[in-house]
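Enquirer: Here's a structure for you.
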DNA sequence: TCATATACTGAAAATTTATTCGGTATACCG
DNA sequence: CGGTATACCGAATAAATTTTCAGTATATGA
């Protein structure tokens, strides 16, 4: 895993929390896993703009941070499933409030950022 | 301002909200401005790890997105102050929940990320 | 046999973000 | 006069993140 040259002060609780979810797809992955565990290929179907590679990299970090759990089934063709942990689930209220904020204020940004 | 070559789908409310606060210092800036308006030099004292340049760049984006307001006093030496807007203030509950989550779970990450 | 699908990985390239450095301008103070 | 401080900006560089591409291995089905 990449080791930062310029460290971030994670003793700041805001930065600690942000650091766990602020990459491009982590918050979306947690949101997708809220109801059901998913295989990597299913996750890619749910988030088609994310390449399988980046999903793989970010899932690995989420697992490493204890927010997501991975189950490997020793079958062929290979099968694995990712599910949200209790720790990851405890972040969902934060994501919920972000989703609600985004829905409430969407129109303010519609023109500025074409959507 | 830099224009992305690979656009992000901001019609997703989660990604819209994230896009407004997920750069390195924006959430910290909003947190600093919650009680009082600040001059750039004061903000730099409050966040000494952030260079004046990056504060300047991120303040400009925050102003552009309507989360922060800028007041210029036509004095010399120049003086300007940044304050949080009502829109920016409406994000503070989200930051509060991130701060609370980080405080609650800090010990889980203490060893992994030296702090 | 050959294409397909699965999960995953390494490495290089591209993209995005942050840092560093030097410069604008003006007033105050010693 | 020369140093300090203010806010700000352009450009080059560096750092960090994401994308692209090619590859591992094995079973299934046409």
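Chains as they are written, first to last, in the working numbering: chain U, 25 to 139; chain C, 25 to 139.
Quick reminder that beta carbons are idealized off the backbone N, C-alpha and C, glycines included.
Who are the Cβ neighbours of residue 59/U in its own chain at under 7 Å, not counting the five residues just before and after it?
Expert: The residue labelled residue 59/U in the question sits at position 35 within the first chain. Nothing listed; no residue qualifies.
Enquirer: Kindly list, in the order they appear in chain C, the residues whose Cβ is closer than 8 Å to that of residue 119/U.
Expert: What you label residue 119/U is simply residue 95 of the first chain in a count that begins at 1. Here the neighbours are 38.
Enquirer: Determine whether the beta carbon atoms of residue 122/U and residue 41/C lie at a separation below 9 Å.
Expert: Locating residue 122/U in the first chain gives position 98, where the first residue counts as 1. Locating residue 41/C in the second chain gives position 17, where the first residue counts as 1. Yes.
Enquirer: Does any residue of chain C bring its CB to less than 9 Å from the CB of residue 108/U?
Expert: The residue labelled residue 108/U in the question sits at position 84 within the first chain. It does not: the Cβ of residue 108/U has no partner Cβ on chain C nearer than 9 Å.
Enquirer: When you compare the stretch 68-81 of chain C with the stretch 95-114 of chain U, are there three or more beta-carbon pairs, one atom per stretch, that lie closer than 8 Å?
Expert: These segments do not touch.
Enquirer: Compare the C-alpha of residue 56/U against each of 107/U, 89/U, 29/U and 103/U and name the closest.
Expert: As a working note, residue 56/U is residue 32 in the first chain. Checked all of 107/U, 89/U, 29/U and 103/U; the closest Cα to residue 56/U is 107/U.
Enquirer: Tell me, which residues are paired with residue 105/U by DSSP?
Expert: To locate residue 105/U, count along the first chain from 1; it is residue 81. DSSP lists 95/U as partners of residue 105/U.
Enquirer: How big is the Cα-Cα spacing for residue 50/C and residue 83/C?
Expert: As a working note, residue 50/C is residue 26 in the second chain. As a working note, residue 83/C is residue 59 in the second chain. So the alpha carbons of these two residues sit roughly 8 Å apart.
Enquirer: State the start and end residues of the unbroken alpha helix (DSSP H) segment that holds residue 59/U.
Expert: Within the first chain, numbered from 1, the residue matching residue 59/U stands at position 35. No alpha helix (DSSP H) contains residue 59/U, which DSSP labels as neither H nor E.
Enquirer: Under 6 Å Cβ to Cβ from residue 103/U, same chain only, skipping five residues before and after it: list those, please.
Expert: Here residue 103/U refers to the residue found at position 79 when the first chain is read from its first residue. For residue 103/U, where only same-chain residues beyond five positions count, the Cβ hits under 6 Å are 97.
Enquirer: Using 10 angstroms around the beta-carbon of residue 89/C, count the other beta-carbons present and answer buried if the total reaches 16, otherwise exposed.
Expert: In the second chain, counting from the first residue as 1, residue 89/C sits at position 65. Classification of residue 89/C: buried, given that the 10 Å Cβ count is 16 or more.
Enquirer: Residue 127/U touches chain C at which residues, Cβ-Cβ below 8 Å?
Expert: Against the first chain, residue 127/U aligns to sequence position 103. Per Cβ cutoff of 8 Å: 37.
Enquirer: Is residue 75/U near residue 93/U, with beta carbons less than 9 Å apart?
Expert: By 1-based counting over the first chain, the position of residue 75/U is 51. By 1-based counting over the first chain, the position of residue 93/U is 69. No.
Enquirer: Just to confirm my understanding: we take residue 47/C, look at its own chain, exclude 5 residues before and 5 after, and list those with CB closer than 8 Å. What are they?
Expert: For this step, residue 47/C is matched to residue 23 along the second chain. These residues qualify, in order along the chain: 82 and 85.
Enquirer: To the nearest angstrom, report how far apart residue 65/C and residue 33/U are at their CA atoms.
Expert: Numbered from its first residue, the second chain carries residue 65/C at position 41. Numbered from its first residue, the first chain carries residue 33/U at position 9. Computed Cα separation, rounded: 21 Å.
Enquirer: For residue 30/C and residue 52/C, what's the separation of their Cα atoms in angstroms?
Expert: Start at 1 with the first residue of the second chain, and residue 30/C comes out as number 6. Start at 1 with the first residue of the second chain, and residue 52/C comes out as number 28. Going from the Cα of residue 30/C to the Cα of residue 52/C covers about 26 Å.
Enquirer: Between which two residues does the alpha helix (DSSP H) harbouring residue 46/U extend?
Expert: Taking the first chain and counting its residues from 1, one reaches residue 46/U at position 22. Note, residue 46/U: premise wrong, no alpha helix (DSSP H); not H, not E.
Enquirer: Between which residues of its own chain and residue 112/C is the CB-CB distance below 8 Å, once the five residues before and five after are set aside?
Expert: Numbered from its first residue, the second chain carries residue 112/C at position 88. Excluding positions up to five away in sequence, the list reads 54, 57, 86, 90, 91 and 92.
Enquirer: Taking the beta carbon of residue 39/U as the centre, do at least 16 other beta carbons fall within 10 Å, making it buried, or is it exposed?
Expert: Position 15 of the first chain holds residue 39/U. Its Cβ being crowded by 16 or more others within 10 Å, residue 39/U is buried.
Enquirer: When the distance is taken between beta carbons, is residue 130/U closer than 9 Å to residue 37/C?
Expert: Numbered from 1 along the second chain, position 13 holds the residue referred to as residue 37/C. Numbered from 1 along the first chain, position 106 holds the residue referred to as residue 130/U. Yes; because the gap between Cβ atoms is below 9 Å, this pair is in contact.
Enquirer: Is the CB of residue 46/U under 9 Å away from at least one CB in chain C?
Expert: Residue 46/U sits at position 22 when you count from the first residue of the first chain. For residue 46/U, the answer is yes, since a Cβ of chain C falls inside 9 Å of its Cβ.
Enquirer: Applying a beta-carbon distance threshold of less than 8 Å, which residues of chain C neighbour residue 55/U?
Expert: Locating residue 55/U in the first chain gives position 31, where the first residue counts as 1. Correct list: 38.
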